[in-house]
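Protein chains in written order, with the working numbering: chain V, 2 to 402; chain W, 14 to 162; chain F, 3 to 127.
We put the CB at the ideal spot given by N, CA and C, even for glycine.
Note that the structure is predicted; figures quoted are calculated from it, not measured.
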Amino acid sequence: MSVKIPIGPIHPMLKEPINFTFYVEGETIVDAEPNIGFVHRGIEKLAENKTWFQNLYLLEKVCGICSSSHQGCYAQGAEKVFEAEVPEKALYIRTLMWELERLHSHLLWLGVIMHEIGFDTLFMYTWRDREAVMDLVEMISGRRVGYSINTIGGVRRDIDYQTLSKALDVASFIATRAEVYEKIVLRERTILDRTDGVGILSKADAIRLNTVGPTARASGVKRDIRYNLPYAIYDETPFDIVIDDGCDVLSRIIVRIREMIISSEIIKWIVFNMPKNGPIAAKITHFTKPPENEAASRVEAPRGELFYYLKSNGSLKPERIKIRTPTLANIVSVIHMVKGHYIADIPPIVAGIDPCISCMDRVAIIDVRNEKKQLFNHDQLLRYSIKWYRKNYRWLREERG
Amino acid sequence: MVSIDELKASLGDLAKEIKTDKSGKAWVFVELDKLKKLLSLLRIDGYDHLSTITGYDDGEKIQLMYHLIKFNDKGSNDINVVTFTDRENSVAPSILDLYPSALVYEREVFDLLGVRFEGHKGLKRLLLPEDVPEDFHPLRKDFKINVEG
Amino acid sequence: MVKGGEGIDMPWGTLLKEALKNLMKKPVTINYPIVDIKVPEGYRGLLDFNISKCLGCGTCARVCPTNAITMIPSDKTRLKKAPRFELAKCVFCGSCVEVCPTKAISFTKNYHTAVLKKEELTINP
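Written out as structure tokens, the structure reads:
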């Protein structure tokens, strides 16, 4: 006999809807099943009806936070299809925007996972510090979100000395703040109670289930597209891969904080080594026809490996575009990770993979012992888990060591 | 980069044809019944990361592409395996026992293109709602959409 | 399993120092719409169209990704056609600004796009 708790997908907050069904015995989870597709918009079919240049502005809207990664990966693949030479200054500006995007995405995620635990102080601090990065991005590209800086063959806007010196200030500021956050996360007892030893994914399982991104690097797996298959100018920058052996949610937080410090170093290197003059785009116009060709392109987005496949048939519109986002690749790992944990651990584990189709709006929990059903929506699940931890933290501390 | 001659030597006569594109990446063409044997040889060689499975309908056949990566520090490499299946009664062998992450990718190809994977337990739609008709597969070429704006 | 740090929270640790520092500062939120936000140069706001420079070639309508520009008959241009901009459909990408041969279209710094009727955002030639 099992208790089924269906949780519906609609919640009018910023997050996207997803539906999970959990099978439980008492408080322990024995199985889980995801149910996705509530934000399916048919973008791959729509992209076959628009030209190569119009697709630049369609594909940057696949995701709001990693919009430059999507547009940059598409532009990189289209440059292989068009067989175009990209000038060097354009690659420097493109990489600068990728690293700035990684900074503000990791800061946003840090705030969100602290909110899921109930530690709203850090949520407020990180989102305040994020404003410095958003102001800089607005100076470079003209808008805070949806900054379409890429085009097929290069970038669309040049950058001047004043903006470059502001980029140096922002990079140093964020590096200092990231060190403060690392100290807080490793010493606050409330955070350690909820994240240390929770959501274990061993190294062998991470390799077997093809996990990508910081979730895999927090299990000791040395996989990063910027390190293994370098693209743009990553083989020249002082890039250091960040790995940790903890295999739990705390490791994922530490890996992302340290990646922020590495990104600041890369931004400083780019500012000092950018070529002074030169063209910023190849000579391709909106009405140039590509040869018949196909190409695959990969980029390390803030959440993991982003993959694009493009095929052209010689006309102005593409024949096929295929997108595989990193969150889809990590869903199989989440199903494996929750087994054996308590219901109150669901929010940090699911938020730990940084889902871009984030948050179960309502979660269904099914108790396999006595057929009882219970429905939770997102706020109720968070309040339930905080109250449960307040009551039970003493014996949990002894159990986890 | 792995050269064509090394690939040809290790894969033998399983592959129908091996091509490289301008950036040095290999595209391996194989018949449908030899697909699993070829993929298991590649997996033993170290290609243990499956990026995704792409389906593409060109009007006469459905093309299935498997994109793999071998991670080996600075000597990593990626490869693409291409195979074909019919448009009527499309079936293909499932590779769930070799790559567990194919659970979601095969469901997506079944949902949007209608290819049945034999050996995949629990093959059902992934993205579209449950109450659409049986033969509703949007990425097929004969599925017309109404675009305005 | 705890990495680094002492593991025991001290009430006079890093977090308390942060909290005391922030006690002396004013709030970071800006009181929009009472206070106006200053945007930098080069901001991509609503479009501005100068019909005296327009030729009527129609390139802007061909490149727009959302079909927000339509060409209607008009006497004010050389080729007897002029564009109508439906800014409620605009995504502010800047393709039309890039391809116009006479630079008749440009961005302003106006970011107030909330209106009561969609027709208020349409620019008729």
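Item to complete: Could you check the C-alpha separation between Tyr-390 of chain V and Val-243 of chain V for me, to the nearest Å?
Response: 31 Å
Worksheet item: Quick one: what does DSSP say Arg-195 of chain V is sitting in, helix, strand or coil?
Response: In the structure shown, Arg-195 of chain V falls within a helical segment according to DSSP collapsed to helix, strand and coil.
Discussion item. Beta carbons nearer than 9 Å to chain V: which residues of the region 81-100 of chain W have them?
Written reply: Ile-82, Phe-84, Asn-85, Asp-86, Lys-87, Gly-88, Ser-89, Asn-90, Asp-91, Asn-93
Practice prompt. Taking Pro-75 of chain F as part of the beta strand (DSSP E), name the residues at either end of that continuous run.
Written response: 71-75
Worksheet item: Is the beta carbon of Thr-212 of chain V less than 9 Å from the beta carbon of Val-199 of chain V?
Response: no
Discussion item. Shorter than 8 Å, the distance from the beta carbon of Asp-241 of chain V to the closest heavy atom of the ligand GDP, or not?
Written reply: Absence of the ligand GDP from the depicted structure is noted, as is the absence of any ligand whatsoever, leaving it without description.
Discussion item. Would Ser-1 of chain V and Val-146 of chain V be called neighbours here (beta carbons separated by less than 9 Å)?
Written reply: The shown model of chain V, from 2 to 402, leaves out residue 1 of chain V, and the question about it has no answer.
Discussion item. Judging by CA-CA distance, which residue of V:Asp-170, V:Arg-259, V:Trp-270, V:Ile-354 is the nearest neighbour of Asp-236 of chain V?
Written reply: V:Trp-270
Worksheet entry | Assigned secondary structure, Ala-168 of chain V (DSSP; H/G/I helix, E/B strand, else coil) | Correct three-state label for Ala-168 of chain V: helix.
Worksheet item: Quick one: is Glu-88 of chain F near chain V, going by C-beta distance under 9 Å?
Response: At a cut-off of 9 Å, the C-beta of Glu-88 of chain F has no neighbouring C-beta in chain V.
Practice prompt. Taking His-62 of chain W as the query, report the chain V residues whose CB atoms sit under 7 Å from its CB, ordered along the chain.
Written response: Asn-211
Item to complete: With 9 Å as the threshold, decide whether the Cβ of Gly-27 of chain V is near any Cβ in chain F.
Response: no
Fill in: Cβ pair Arg-253 of chain V, Gly-353 of chain V closer than 9 Å
yes
Worksheet item: Any idea if Ile-8 of chain V is buried or exposed, counting beta-carbon neighbours within 10 angstroms, 16 or more meaning buried?
Response: Legend: pLDDT at Ile-8 of chain V = 47, less than 50; position of this residue unreliable, value from coordinates given subsequently. Buried: at least 16 other Cβ atoms inside 10 Å.
Worksheet entry | Close Cβ partners of Ala-297 of chain V (< 6 Å) along its chain, the five nearest in sequence each way excluded | Tyr-310
Worksheet item: So which of V:Leu-383, V:Tyr-126, V:Leu-317 has the shortest CA-CA distance to Val-30 of chain F?
Response: With distances taken between Cα atoms, Val-30 of chain F lies closest to V:Tyr-126.
Worksheet entry | Under 9 Å (Cβ pairs) to chain V, residues found in the region 26-52 of chain W | Asp-34, Lys-35, Ser-36, Lys-38, Trp-40
Worksheet item: Counting only runs that start and end within the region 60-133 of chain W, where is the beta strand (DSSP E) found for 3 or more residues in a row?
Response: The qualifying runs are 62-70, 74-83, 90-99, 104-106, 129-131.
Discussion item. Please state the DSSP three-state secondary structure of Ala-106 of chain F.
Written reply: coil
Worksheet entry | Contacts around Ile-258 of chain V, its chain only, beta-carbon distance under 6 Å, and the 5 residues preceding and following it disregarded | Same-chain partners within the cutoff: Ala-179, Tyr-182, Glu-183.
Fill in: Limits of the beta strand (DSSP E) - the one that Tyr-309 of chain V falls within
305-314
Fill in: Within 9 Å, strictly: CB atoms of Asp-130 of chain V and Pro-215 of chain V
no
Discussion item. When you compare the CB positions of Gly-43 of chain V and Pro-151 of chain W, do they come within less than 9 Å of one another, or not?
Written reply: yes
Fill in: Start-to-end residues for the beta strand (DSSP E) that takes in Lys-277 of chain V
Per DSSP, Lys-277 of chain V belongs to no beta strand (DSSP E) and is neither H nor E.
Fill in: For Leu-55 of chain W and Leu-24 of chain W, the rounded distance between their alpha carbons
Taking C-alpha positions only, Leu-24 of chain W is separated from Leu-55 of chain W by approximately 8 Å.
Practice prompt. Could you please give me the residues that DSSP links to Phe-51 of chain F through a beta bridge?
Written response: F:Ile-107
Practice prompt. Note down, in chain order, each residue of its chain lying with its Cβ closer than 7 Å to the Cβ of Arg-46 of chain F, except the 5 sequence neighbours on either side.
Written response: Phe-94, Gly-96, Phe-109
Worksheet item: So, is His-379 of chain V buried or exposed, given that buried needs 16 or more other C-beta atoms within 10 angstroms?
Response: Buried.
Worksheet item: Are the C-beta of Arg-325 of chain V and some C-beta of chain W separated by less than 9 Å?
Response: It does; some Cβ of chain W falls within 9 Å.
Discussion item. Quick check: the Cα distance between Ser-359 of chain V and Glu-34 of chain V, rounded to an integer number of angstroms?
Written reply: Confidence is the limiting factor: at Ser-359 of chain V the pLDDT is only 37, short of 50, which leaves the residue's position unreliable, though a coordinate-based value still follows. Whole-angstrom Cα-Cα distance: 15 Å.
Worksheet item: Are the C-beta atoms of Thr-124 of chain F and some chain V residue less than 9 Å apart?
Response: no
Worksheet item: When the Cα atoms are used, what is the spatial distance from Asn-393 of chain V to Val-87 of chain V?
Response: 58 Å
Practice prompt. Check whether the Cβ of Ile-185 of chain V lies closer than 9 Å to any Cβ atom in chain F.
Written response: yes
Discussion item. Residues of chain V with CB closer than 9 Å to the CB of Tyr-79 of chain W, please, in chain order.
Written reply: Going along chain V, no residue has its Cβ under 9 Å from Tyr-79 of chain W, so there is no contact; the nearest lies around 11 Å.
Worksheet entry | CB-CB length for Ile-268 of chain V against Ala-172 of chain V, believed under 8 Å | Confirmed, about 4 Å.
Worksheet item: Just by C-beta distance, which residues in the region 78-111 of chain F are closer than 8 Å to chain A?
Response: Among the protein chains in the structure shown, which are V, W and F, there is no chain A.
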